[in-house]
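To keep things clear, I will list the structure first and then write my remarks on it.
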């Protein structure tokens, strides 16, 4: 087994272990963090001219955003859920545009939005733990 494969297996097991014991709040934070990481990979792929890799990473981010949208409780979430759904729609539109045009600025914009969501989500968790 080569070192690259062993490292990939270790990461996979590590993520699986973290997911198994995670709260729903932690899972959302992990999804947001993963989306940001995949956008960094997409940017890197654009810079290296690896178009198929860029498309793969952006597709993964779109899948993550779809999962986040599906987890919204429109009934109990009210205006916040509606606003998040609109933001997720905007993010997906920008990702599709970025994928077609290989636009690093669009990817940076979406990455910034996802980081803001992650930071806000982390603050909610911190406040909940303080209560």
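Residue numbers (the working numbering): 2 to 132. Glycine included, every Cβ here is placed at the ideal spot set by N, Cα and C.
Straight across, the Cα-Cα distance linking residue 71 with residue 100 is about 23 Å. Looking at the backbone, the Cα of residue 98 and that of residue 44 are separated by about 14 Å. Secondary structure note for residue 26: its alpha helix (DSSP H) is the uninterrupted segment 25-49. In this structure, 65 is the residue among 65, 56, 77 with its C-alpha nearest to the C-alpha of residue 37. The three-state reading of DSSP puts residue 104 in coil, since its state is none of H, G, I, E or B.
The Cβ atoms of residue 122 and residue 46 do not sit closer than 7 Å to each other.
An exposed status is given to residue 105, since fewer than 16 other beta-carbon atoms sit within 10 Å of its beta-carbon. For residue 40, the closest of 91, 54, 28 by C-alpha to C-alpha distance is 54. Distance from residue 33 to residue 118 at the Cβ level is roughly 6 Å; contact confirmed, criterion being Cβ atoms closer than 8 Å. Residue 72 sits in coil when the DSSP states are folded into three classes, being neither helix nor strand.
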